[in-house]
Amino acid sequence: MEEDLHLTIATRLRRIGQRYTAGRRALIEAIIGADRPVTTAELVASRADLPQSTTYRNLAVLEQAGVVHRLRGADEFARFELTEELGGHHHHLVCVNCGAVEDFTPPSRFERSMVDLVRNITSASGFRAETHRLDLLGTCAACGT
Numbered sequence: 017m018e019e020d021l022h023l024t025i026a027t028r029l030r031r032i033g034q035r036y037t038a039g040r041r042a043l044i045e046a047i048i049g050a051d052r053p054v055t056t057a058e059l060v061a062s063r064a065d066l067p068q069s070t071t072y073r074n075l076a077v078l079e080q081a082g083v084v085h086r087l088r089g090a091d092e093f094a095r096f097e098l099t100e101e102l103g104g105h106h107h108h109l110v111c112v113n114c115g116a117v118e119d120f121t122p123p124s125r126f127e128r129s130m131v132d133l134v135r136n137i138t139s140a141s142g143f144r145a146e147t148h149r150l151d152l153l154g155t156c157a158a159c160g161t
């Protein structure tokens, strides 16, 4: 499964005239290894083979290729994760105090209700929704204690 992911990433990069270099693969491995969306500083700290300057550049290229998605938390730091097509559909818990972002996957019953709600909302306007996301804003366990 993971090798299929890397082939897909290589294909997406080729479409924009870029290569799937060892540095980009290391960056993807670090993102996959994280249990939540991560900042650039967290990525650099997680692996010695991710220099800060190339990490910024590679994230921009991976974002342009549709491989990673940039998330805004409640702080000034962008966080990165695989796009929904590559990493799976999920939502986020965002701490308004420290800015931490965690993934969560609601029950399938909730997702079905959300899809129905989106369909009802958009049918009258002619808007065509491609997907949806839900960010719950609040205080994380670490900040709430």
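Remember, the numbering used here sits 16 above the position in the sequence shown when you count from 1.
Ideal Cβ positions, reconstructed from N, Cα and C, are used throughout, including at glycine.
Remember, it's a predicted structure, so these values are computed and weren't measured experimentally.
Provide the residue span of the alpha helix (DSSP H) that contains E101, from first to last.
-> On the sequence shown, residue 101 is found 85 positions in, with the first residue counted as 1. Counting along the chain, the alpha helix (DSSP H) containing E101 begins and ends at E100 to G103.
How would you label N136, buried or exposed, when you count the other beta carbons within 10 angstroms and need 16 or more for buried?
-> Taking the sequence shown and counting its residues from 1, the one referred to as residue 136 is at position 120. With fewer than 16 Cβ atoms within 10 Å of its Cβ, N136 is classed as exposed.
When you compare each of E146, T99 and P122 to L109 by their alpha carbons, which one comes out closest?
-> In the sequence shown, counting from the first residue as 1, residue 109 sits at position 93. L109 has its Cα closest to that of P122, out of E146, T99 and P122.
Rounded separation between A57 and C114 - CA only = For the purposes of this step, residue 57 is identified with residue 41 of the sequence shown, where counting begins at 1. For the purposes of this step, residue 114 is identified with residue 98 of the sequence shown, where counting begins at 1. Distance between the alpha carbons of A57 and C114: 15 Å.
Starting from H22, trace the beta strand (DSSP E) both ways and give me its first and last residue.
-> Here residue 22 refers to the residue found at position 6 of the sequence shown. Premise fails: H22 lies in the alpha helix (DSSP H), E18 to R31, not in any beta strand (DSSP E).
Are the CB atoms of L87 and A94 nearer to each other than 8 Å?
-> As a first step, residue 87 must be located in the sequence shown, where it is residue number 71. As a first step, residue 94 must be located in the sequence shown, where it is residue number 78. Yes, they are a contact pair.
List the residues that DSSP assigns as beta-bridge partners of G154.
-> Position 138 of the sequence shown, counted from the first residue, corresponds to residue 154. Note: G154 is bridge-paired with C111 in the DSSP secondary-structure output.
Measure the Cβ-Cβ separation of R35 and A46 and say whether it is below 8 Å.
-> As a working mapping, residue 35 is identified with position 19 in the sequence shown. As a working mapping, residue 46 is identified with position 30 in the sequence shown. Contact flag unset, no.
From which residue to which residue does the beta strand (DSSP E) around L87 run?
-> In the sequence shown, the residue the question calls residue 87 occupies position 71. Here the beta strand (DSSP E) through L87 covers V84 to R88.
Which partner residues does T147 have in the DSSP bridge list?
-> As a working note, residue 147 is residue 131 in the sequence shown. Beta-bridge pairing links T147 to no other residue.
Where R63 sits in the DSSP three-state scheme | Numbered from 1 along the sequence shown, position 47 holds the residue referred to as residue 63. Coil, per DSSP.
Could you spell out where the alpha helix (DSSP H) holding D132 opens and where it closes?
-> Residue 132 sits at position 116 when you count from the first residue of the sequence shown. S124 to S139 is the extent of the alpha helix (DSSP H) around D132.
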